[in-house]
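For reference, the structure discussed in these notes is given below.
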Amino acid sequence: MAYEEEIEAFIRATFEQNYEQLRLESGQALAPNVKETALNQVLLYWRKLRAIAEAVTDTEVHLSLPGCETPQGREYTIEGVVDILQEEGRTVMYDVKTHDADFVRANPEDYEQQLNVYAHIWQELRQQDLDEMAVIATAFPETLQDALASGDPDMLAYHLERWEPVIPIAFDERRVEETIRAFGAVVDAIEENRFAPRPVADLNVELPGARRERFAARICRNCDARFSCTSFREYAWKPGYRDAGEPALRPYFVDPPPDAEQEHWRAAGLEAAPDTAELRADFGR
Amino acid sequence: MTTFEQQVPLLTDRSVTLEKLWQLAHFQPNDAQREAILHVEGPLYLTAGPGSGKTRVLLWRTVNLIVFHDVAPGEIFLSTFTEKAALQLREGLQSLLGLVTNLNGKPYDLSQMYIGTVHSLCQRLLSDRRRFSAGRQRNRPPTLLDELDQYFHLSKARTWATVTAAAGLGVDPNAAVNAAFGSPSQSKHVAVTHCIAIFNRFSEECLDPAVALERLANDDGQLRAYFQQWKRDPTQVALLLRLYMAYRDSLTTEEGALTDFSLLQQEAYRALMAFPDAGKAFRHVIVDEYQDTNTIQERIFFKLASGTGNLCVVGDDDQALYRFRGATVENFVEFPTRCQAYLSLTPRRISLATTYRSRKHIVDFYTAFMKQTNWAKGDGQPGFYRVMDKDIQPYQCDPLPAVVASTPAEPTAVCAEIATLVRALLDAGKVEDPNQIAFLFPSLKYQGEMTQPVSRMKAALEAVGLKVYAPRAGRFLDVEEACDVFGIFVQIFGCPSRADLPGHDYSAYHDWLARVEANGKQLMQADPRLEQFVKDRRGELVRAAQDYHALMEVAEQHRWDLDAPYQLQVMKRVLHNAPRLSERGKQLLASKFLDQAVERRAAQGQPVTLRYVVRRVTSLDWSLLDLFYQLCGFEHLKQMFDQAETGHDEGPVSNLGLITQYLARFMDQQAPILTAELFVDGLFNRIFFASYLFALYRRGETEIEDAEDPFPKGRIPFLTIHQAKGLEFPVVVLGNPRKDAREPADAEVLVRPFLEREPGEPLERMGELDAMRMFYVALSRARNLLVLAHYQGRGQHMNEPFKALLDANFPRIPALDPATIPPAQLQEAPLPKIYSFTADYLMYQRCPRQYMIFRKYGFAPARSETMFFGSLVHSTLEDLHHELIRRREGRERTTSDRSGYEERG
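Chains as they are written, first to last, in numbering that gives the first Met the number 0: chain E, 0 to 284; chain L, 0 to 904.
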């Protein structure tokens, strides 16, 4: 077997094992097409970023910054996990995310904060060199998704070529102190039980990026706890959100997810569901 | 404490010594602690009094091994009693080693270190291909059944029938099984519960049922005499052994091997015995809470240390609490002898005797308490059932009273006096939050109901405006939040009808159902939107069932086989035209996603069946967890979240979080999705209400162990003494100084004649000695103040030692000046916690409320595909990277090997 095929076979086999393991542990399943998307993310990562994948010298490196202190005087440690590549005297730090590249490019803030703190630990405390940092966004764009679905190898090759999943992150030492201060404040807030939701104004903010989604659509919409959330209710019950209407006119909202999502969920549920005949045998009268 | 900036000069000086690390971490060990930390070679026997800093010693000893003695983290096996303790140690180690890394630039990867409970380590050991497998195959460990899973497995109709039949019982086996335990019950639940207890004990003692049966068969009268003395019938003992055998067989299933917590350890032990270098796989074996280990665990630990002799055990026999789980305190008390037997080595004994926790008066009191009984073995045997020379000394020596008893009186008066004191302590600011005052009881409930001393005390506190958090008092299903949620569930799914069946549990459960049904109705009456919501959900159930019948009718008319492939072209249109098929049903049938799935599966040669299509089209749009989260949007439940968001009261939300975990467990195993099939003949009601919830109810199911922060703010925790193990509180109230010595447990009596080890404490004394240790644990939880309830009057009774100690001169509550109680403050800085950049900081920043619900209270999400997806991609990428690294290293090794060869050549 050629080397590439060997690796692909390894990916498929490992993926299947991991899937089974997670399935056993969680009792859940993925809809077959979602599962395929997950596999494709890994396969395309390998095809597109083979040079990086092969040069990774350390995977899942735990970085920690002990001895931090919050504004309220609590001592804590910051921890993070990255991949490190060292090749011909060059060191690159990667953070692999299952996000899409467009989103990462449009919202560099969080990623910059994160990688700059990691870089600080790596360079200042471990005193090791670092030449570059980047986020690898494994979720592929729609064009690539369509190309995969089409089964046309030329089209796939074309879009694979144009896909840019590696987003370089700029060094900025000033970020570090600022981020660590903000981190400390968060630790205090957690320890002091401050858990109010984001204000409704935040929910209306449109996030940068190609999809032009509002915060509520990207974050809240996927949060199971939205029904009981004061901010989300205020947001959702404003005219303009789906079927508009005064709260008094709405008996309640159940807010069904979009069709595609709901159908994937349905398929996954059936995938995981036990055989009804077996249930009958176990729970007969 | 220094700030990060101030630490920089210390950090940038690159030399590392243990003293410097202690300085950086603000730790000053005493002599015994230092000696223990520096011990490296050979067995170590650490007796550690309450609050003597043993966690720090374990932590620093591990750091010493890793940093200064070149022991790789992967060469350490560190076993703790709970996952929470393991997490704390891991966090502490990560912090300290992070500190070292930043000094010497050397990274320490803890991922290879074995740290966790014995059970989790056994599981890991069984799947560890690098260490314990020939040929680096990835072993597939058996699927682990936790306690509740084990119960469901054995009580499942098919398993129970098979197991009892294999043991030679007929169609109605329950009475026969119960009779073997001396119980007249007819109940399967009782039989299964008894069986599990004894099976687990058999497993922990590594009892071979075949050998035991043979011994019974060839008995020369000795066994018969023993069983006669303890009023057991040898033929019934034989029945239990046969049942045990059959149970073990039932764990081999078509889907793969299953195991339970107890047998898991045997499997791990077997794997070790089969592996030639098992005794050298770890350079250091460290076991915390060694007094609560059992026989199989002792064998595992000694086996692991057999190649090195480096076995360090830490514990306190006085705090041994887990005999009922098969623990044998002799493992600890007799450790020096066992060390000789297994390793031919004498361990170094170090006593951590300075206690930093409690004020002097408290230490004096619990020390005097333990002297109230005779620990000598007697019967001509030398020695004691206790490590006698621990000599616990307090670090703080203030002379003021720190232990008070209530004025001896009838219970209501005692509770009122204690409640008033608690109120005064809170008002005087002696504690910061009610959750710093713990009420401890030998048990909180009996047969699922809160015991009288507990309910009386709770009422007294509530009467002075204080709230109580008592997760283990009474049944979890009786808590208000459970009654609310399941009350509405009953309104939606319908209440299972009450049959004319015998049994206290059955009628009690149906009483509960009736109560929650009424409760649900009340909630609906109070909230018309909720009423409308329930009606609409009910309507959807009816509609799904009607659709199911409509589709089945069509299939029948056309004589279509439900298990044959679904023929899109032919069947879709016909089904779509089914009379009485609802609009929703039509939509789902016409869904392009369904068509795509059908085509994809056909192309893969695994066509979907007609049955699949019927199930899919008649499935509801929501799962049980979806329903739960929607219900939380109605005012009554919503305000519970509002309360927690400000840290005002975390109790209700903690309980709601537990409900999601129970719902998730049910969904994972029985109904990830609700299809109409489940509703047409009442199957759902049988599996959910009549089986699952009923089992939770009668097992008196309580909370799942919470890894962090188990005591919600704003409430006074009521705990069993067992729950308080390892914890400390500024103020402790012993709510009931009474624990009656019962007959030794079935498991003790039945297993004893078959033991392959020294039997240990005599059956006759077990109850008394166990009660001593239990109260010792309770008394030693207190830091600043220990309060004892002194009940008097008819039917009131205290254990002997209390009777002797609480004499006329004993300090009483009315004489206590609360001003003399030091305010609650942490004596030692807590170990720094680790916060993850992504899972804590970014998640909190994204939404503090979402963080609270899912990360802090562990709510099970309803839609977790994204998480599953993320874990799957990440773990596969990680494996890919490992594989590529492995291949590259392989190539490099081959190249360098070759060059080496050439040079020599």
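Note that beta-carbon positions come from the ideal geometry of N, C-alpha and C, so glycine has one too.
> Mind pulling the alpha helix (DSSP H) runs of 4 or more residues that sit fully within the stretch 29-106 of chain L?
Replying inline: 30-37, 53-62, 82-103
>> Please list, in chain order, the chain L residues whose beta carbon lies closer than 9 Å to that of TRP236 of chain E.
In response: Stepping through the first sequence from its first residue, residue 236 of chain E is reached at position 237. Simply none; closest approach about 11 Å.
> Does VAL41 of chain E have its Cβ less than 8 Å from a Cβ in chain L?
Replying inline: Within the first sequence, numbered from 1, the residue matching residue 41 of chain E stands at position 42. Answer yes: the Cβ-Cβ gap between VAL41 of chain E and chain L drops below 8 Å somewhere.
> Taking all protein chains shown into account, do 16 or more other C-beta atoms lie within 10 angstroms of the C-beta of ALA256 of chain L, making it buried, or fewer, making it exposed?
Replying inline: Here residue 256 of chain L corresponds to residue number 257 of the second sequence, with the count starting at 1. Classification for ALA256 of chain L: exposed.
>> For TYR384 of chain L and ARG298 of chain L, what's the separation of their Cα atoms in angstroms?
In response: On the second sequence, residue 384 of chain L is found 385 positions in, with the first residue counted as 1. On the second sequence, residue 298 of chain L is found 299 positions in, with the first residue counted as 1. Distance between the alpha carbons of TYR384 of chain L and ARG298 of chain L: 21 Å.
> What span of residues does the alpha helix (DSSP H) with GLN40 of chain E cover, start to end?
Replying inline: Within the first sequence, residue 40 of chain E is the residue found at index 41, counting from 1. 31-47 is the span of the alpha helix (DSSP H), which, as asked, contains GLN40 of chain E.
> List, in order along the chain, the chain E residues whose C-beta lies closer than 9 Å to that of ILE686 of chain L?
Replying inline: The sequence position of residue 686 of chain L within the second sequence is 687, counting from 1. Correct list: LEU278, ASP281, PHE282.
> ASP109 of chain E touches chain L at which residues, Cβ-Cβ below 7 Å?
Replying inline: Your numbering for residue 109 of chain E matches position 110 in the first sequence. Near ASP109 of chain E (Cβ distances below 7 Å), the residues of chain L are LEU841.
>> Looking only at its chain, what residues have a beta carbon closer than 8 Å to the beta carbon of THR275 of chain E, apart from the 5 residues adjacent to it on each side?
In response: Within the first sequence, residue 275 of chain E is the residue found at index 276, counting from 1. The answer is none, since no qualifying residue turns up.
>> Give me the chain L residues within the contact set of VAL21 of chain E, using Cβ-Cβ distance strictly less than 8 Å, ordered along the chain.
In response: The residue given as residue 21 of chain E occupies position 22 in the first sequence. The question names Val, but residue 21 of chain E in the sequence shown is Leu. Those are PHE867, SER870, LEU871, SER874, listed as they occur along chain L.
> The beta strand (DSSP E) spanning ALA136 of chain E covers which residue range?
Replying inline: In the first sequence, counting from the first residue as 1, residue 136 of chain E sits at position 137. 131-138 is the extent of the beta strand (DSSP E) around ALA136 of chain E.
> Do you know how far the Cα of THR719 of chain L is from the Cα of LEU476 of chain L?
Replying inline: Counting from 1 along the second sequence, the entry for residue 476 of chain L is found at position 477. Counting from 1 along the second sequence, the entry for residue 719 of chain L is found at position 720. Using only the alpha carbons, I get a separation of about 18 Å.
>> Tell me the DSSP secondary structure of ASN783 of chain L in three-state form.
In response: Counted from its first residue, the second sequence places residue 783 of chain L at position 784. Note: ASN783 of chain L maps to strand in three-state DSSP.
> How would you label THR251 of chain L, buried or exposed, when you count the other beta carbons within 10 angstroms and need 16 or more for buried?
Replying inline: In the second sequence, counting from the first residue as 1, residue 251 of chain L sits at position 252. Its Cβ having fewer than 16 others within 10 Å, THR251 of chain L is exposed.
>> Between which two residues does the alpha helix (DSSP H) holding ARG265 of chain E run?
In response: Against the first sequence, residue 265 of chain E aligns to sequence position 266. 258-271 is the extent of the alpha helix (DSSP H) around ARG265 of chain E.
> Between the stretch 142-172 of chain L and chain E, which residues of the former have a C-beta closer than 7 Å to a C-beta of the latter?
Replying inline: THR142, LYS155, ALA156, ARG157
> Taking buried to mean at least 16 other C-beta atoms within 10 Å of its own C-beta, is ALA215 of chain E buried or exposed?
Replying inline: Numbered from 1 along the first sequence, position 216 holds the residue referred to as residue 215 of chain E. By the 10 Å Cβ count, ALA215 of chain E comes out buried.
> Do we get a CB-CB distance below 8 Å when we pair ASN106 of chain E with the residues of chain L?
Replying inline: Residue numbering aside, residue 106 of chain E sits at position 107 when the first sequence is read from its first letter. With 8 Å as the cut-off, ASN106 of chain E does not count as an interface residue toward chain L.
> If we call anything under 8 Å between Cβ atoms a contact, is ASP316 of chain L one with VAL386 of chain L?
Replying inline: Start at 1 with the first residue of the second sequence, and residue 316 of chain L comes out as number 317. Start at 1 with the first residue of the second sequence, and residue 386 of chain L comes out as number 387. It is a contact, given that the beta carbons lie within the stated cut-off.
> Looking only at C-alpha atoms, which of L:VAL541, L:THR659, L:MET639, L:ILE658 sits nearest to PRO651 of chain L?
Replying inline: Position 652 of the second sequence, counted from the first residue, corresponds to residue 651 of chain L. Cα-wise, what sits closest to PRO651 of chain L is L:MET639.
> Around the Cβ of LYS738 of chain L, are there at least 16 other Cβ atoms within 10 angstroms (buried) or fewer (exposed)?
Replying inline: Indexing the second sequence from 1 puts residue 738 of chain L at position 739. Buried: at least 16 other Cβ atoms inside 10 Å.
> chain E partners of LYS712 of chain L, CB-CB under 8 Å?
Replying inline: For the purposes of this step, residue 712 of chain L is identified with residue 713 of the second sequence, where counting begins at 1. Those within 8 Å of LYS712 of chain L in chain E are ASN192.
>> Please list, in chain order, the residues of the stretch 177-190 of chain E that have any C-beta partner in chain L closer than 9 Å.
In response: THR178, ILE179, ALA181, PHE182, VAL185, VAL186, ALA188, ILE189, GLU190
>> Under 8 Å, with one C-beta from each stretch per pair, do the stretch 180-196 of chain L and the stretch 206-216 of chain L reach the 3-pair mark?
In response: no
>> Using beta carbons (cut-off 8 Å, strictly below), is THR90 of chain E in contact with chain L?
In response: Numbered from its first residue, the first sequence carries residue 90 of chain E at position 91. Judged by the 8 Å Cβ criterion, THR90 of chain E is not in contact with chain L.
>> Closest to LEU465 of chain L by C-alpha separation, out of L:LYS376, L:ARG714, L:LEU439, L:GLN296, would be which residue?
In response: Within the second sequence, the letter at position 466 stands for residue 465 of chain L. Among L:LYS376, L:ARG714, L:LEU439, L:GLN296, the Cα nearest to that of LEU465 of chain L is on L:ARG714.
> Ordered along the chain, which non-local residues of its own chain (more than five positions away) have a Cβ less than 8 Å from that of ARG600 of chain L?
Replying inline: On the second sequence, residue 600 of chain L is found 601 positions in, with the first residue counted as 1. Correct list, in chain order: PRO606, VAL607.
>> When you compare the CB positions of PRO711 of chain L and SER653 of chain L, do they come within less than 8 Å of one another, or not?
In response: Taking the first residue of the second sequence as position 1, residue 711 of chain L is located at position 712. Taking the first residue of the second sequence as position 1, residue 653 of chain L is located at position 654. Contact flag set, yes.
>> Can you give me the C-alpha to C-alpha distance between LEU86 of chain L and TRP59 of chain L, rounded to a whole angstrom?
In response: Here the question's residue 86 of chain L lines up with position 87 in the second sequence. Here the question's residue 59 of chain L lines up with position 60 in the second sequence. Using only the alpha carbons, I get a separation of about 16 Å.
> Can you tell me where the beta strand (DSSP E) with SER350 of chain L in it begins and where it stops?
Replying inline: Here the question's residue 350 of chain L lines up with position 351 in the second sequence. Where SER350 of chain L is concerned, the enclosing beta strand (DSSP E) stretches over 347-351.
>> Given a cut-off of 8 Å on the beta-carbon distance, is the pair MET851 of chain L and GLU644 of chain L in contact?
In response: Here residue 851 of chain L refers to the residue found at position 852 when the second sequence is read from its first residue. Here residue 644 of chain L refers to the residue found at position 645 when the second sequence is read from its first residue. Yes; because the gap between Cβ atoms is below 8 Å, this pair is in contact.
> Any idea what DSSP makes of ILE417 of chain L, helix, strand or coil?
Replying inline: Stepping through the second sequence from its first residue, residue 417 of chain L is reached at position 418. Three-state DSSP puts ILE417 of chain L in a helix.
>> When you compare the CB of ARG697 of chain L with every CB in chain E, is at least one pair closer than 8 Å?
In response: As a working note, residue 697 of chain L is residue 698 in the second sequence. Answer no: the Cβ-Cβ gap between ARG697 of chain L and chain E never drops below 8 Å.
> For ALA596 of chain L, which of E:MET154, E:THR178, E:ARG265, E:THR13 has the nearest alpha-carbon?
Replying inline: Counting from 1 along the second sequence, the entry for residue 596 of chain L is found at position 597. Comparing Cα positions, the closest option is E:ARG265.
>> On the CB-based measure, 16 or more other CB atoms within 10 Å of its CB, does PHE323 of chain L come out buried or exposed?
In response: One-based indexing of the second sequence puts residue 323 of chain L at position 324. PHE323 of chain L is exposed by the Cβ-count criterion.
>> With distance defined between alpha-carbon atoms, name the residue in L:GLY325, L:ASP388, L:TYR246 nearest to ARG157 of chain L.
In response: On the second sequence, residue 157 of chain L is found 158 positions in, with the first residue counted as 1. ARG157 of chain L has its Cα closest to that of L:TYR246, out of L:GLY325, L:ASP388, L:TYR246.
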